[in-house]
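Engineer: So that we are looking at the same thing, I have put the structure below in structure tokens.
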Amino acid sequence: MTPEELQSYLHNHIPLSAAMQVRADAVGDDHVLLSAPLAPNINHRDTVFGGSASALAILSAWSLLHVRMRKSGVAARLVIQSNRMDYLKPVAGAFAARSSLADAGQWPGFLRLLERRGRARAVVVADLLDGDTLAGRFEGEFVALATTTPDERQRKEAHS
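Just so we're on the same page, the working numbering is the position in the sequence shown counted from 1, plus 22.
Shown next, in the form of structure tokens:
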């Protein structure tokens, strides 16, 4: 998935991303980098609204799993279960969030569990960036729910 395709997907399926003017700057197997301008995300102190910072981090983390699942040919609904956001400094301009798996080694097990049980969890982290400066840290647990049942998957495999 290209950055342009991801950005279009986010704007069309998650309207908040369009309102925030989120841009997909980089999409890779190991990270997704999203950014947003200050103007639509400003608070009363002329800095980035904390909710916008958190939303960008969540979008980046969710996008990483979405891209990886699509690349793996996995059809599943992906939802956030829990998260923690630490704000380290105020941001007074454009900002970005760069996500990565908390443990790159969790991916094969995630895919196996999703295939076998129809449900799997993954932990994703994201750095909130003010230019090159770390402004916050996010960690979230996401749940993938298969769109087919284990029996349907077995029948499909038997006919392949």
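Virtual Cβ for every residue (Gly too), placed ideally from N, Cα, C. Quick caveat: nothing in here was measured; it's all calculated off a predicted structure.
Since GLN43 is in the alpha helix (DSSP H), which residue starts that stretch and which ends it?
Structural biologist: For the purposes of this step, residue 43 is taken as residue 21 along the sequence shown, with counting starting at 1. Here GLN43 belongs to no alpha helix (DSSP H), and DSSP marks it neither H nor E.
Engineer: Between the alpha carbons of PRO62 and ARG139, how many angstroms are there, rounded?
Structural biologist: Here residue 62 is taken as the residue at index 40 of the sequence shown, counted from 1. Here residue 139 is taken as the residue at index 117 of the sequence shown, counted from 1. Between PRO62 and ARG139, the C-alpha separation is close to 41 angstroms.
Engineer: Are the beta-carbon atoms of SER74 and ALA58 separated by less than 8 angstroms?
Structural biologist: As a working note, residue 74 is residue 52 in the sequence shown. As a working note, residue 58 is residue 36 in the sequence shown. It is a contact, given that the beta carbons lie within the stated cut-off.
Engineer: Would you say the segment 159 to 166 touches the segment 98 to 106, given that touching needs at least three Cβ pairs under 8 angstroms?
Structural biologist: Yes: at least three Cβ pairs fall under 8 angstroms.
Engineer: Would you kindly work out how many angstroms separate the C-alpha atoms of ALA118 and GLU137, rounded to a whole number?
Structural biologist: Here residue 118 corresponds to residue number 96 of the sequence shown, with the count starting at 1. Here residue 137 corresponds to residue number 115 of the sequence shown, with the count starting at 1. Distance between the alpha carbons of ALA118 and GLU137 is about 33 angstroms.
Engineer: Using the DSSP secondary-structure output, state which residues sit across from MET107 in a beta bridge.
Structural biologist: Reading the sequence shown from its first residue, position 85 is the one you call residue 107. MET107 is bridged to PHE160.
Engineer: On the criterion of 16 or more Cβ atoms from any shown chain inside 10 Å, does ARG45 qualify as buried, or is it exposed?
Structural biologist: If you number the sequence shown from 1, residue 45 lands on position 23. Buried: at least 16 other Cβ atoms inside 10 Å.
Engineer: Following the continuous alpha helix (DSSP H) through SER74, name the residue where it begins and the one where it ends.
Structural biologist: Your numbering for residue 74 matches position 52 in the sequence shown. Its alpha helix (DSSP H) spans residues 72 to 93.
Engineer: Any idea what DSSP makes of LEU135, helix, strand or coil?
Structural biologist: Here residue 135 is taken as the residue at index 113 of the sequence shown, counted from 1. Three-state DSSP puts LEU135 in a helix.
Engineer: Leaving aside the five residues before and after HIS33 along the sequence, list all residues of the same chain whose C-beta is less than 8 angstroms from its C-beta, in chain order.
Structural biologist: Within the sequence shown, the letter at position 11 stands for residue 33. Closer than 8 angstroms at the Cβ level, and outside the excluded window around HIS33, lie SER39, ALA40, VAL44.
Engineer: Output needed for VAL54: all residues of its chain with C-beta closer than 6 angstroms, excluding positions within five of it in sequence on either side, in chain order.
Structural biologist: For the purposes of this step, residue 54 is taken as the residue at position 32 of the sequence shown. If we look at VAL54 and ignore the five residues flanking it on each side, its Cβ neighbours are SER82, SER85, LEU86, SER121.
Engineer: Rank LEU78, LEU150, VAL89, PRO112 by C-alpha distance to the C-alpha of HIS66 and give the top, closest one.
Structural biologist: In the sequence shown, counting from the first residue as 1, residue 66 sits at position 44. That would be PRO112, whose Cα lies nearest to the Cα of HIS66.
Engineer: Going by DSSP, what residues sit across from VAL211 in a beta bridge?
Structural biologist: With the chain covering only 23 through 182, there is no way to say anything about residue 211.
Engineer: Looking at MET42: is its Cβ nearer than 8 angstroms to the Cβ of LEU78?
Structural biologist: Mapped onto the sequence shown, residue 42 falls at position 20. Mapped onto the sequence shown, residue 78 falls at position 56. In contact: MET42 and LEU78 (Cβ atoms closer than 8 angstroms).
Engineer: By Cβ distance below 6 angstroms, which residues in the same chain neighbour ASP68 in space, the five residues on each side in sequence not counted?
Structural biologist: The sequence position of residue 68 within the sequence shown is 46, counting from 1. Closer than 6 angstroms at the Cβ level, and outside the excluded window around ASP68, lies no residue.
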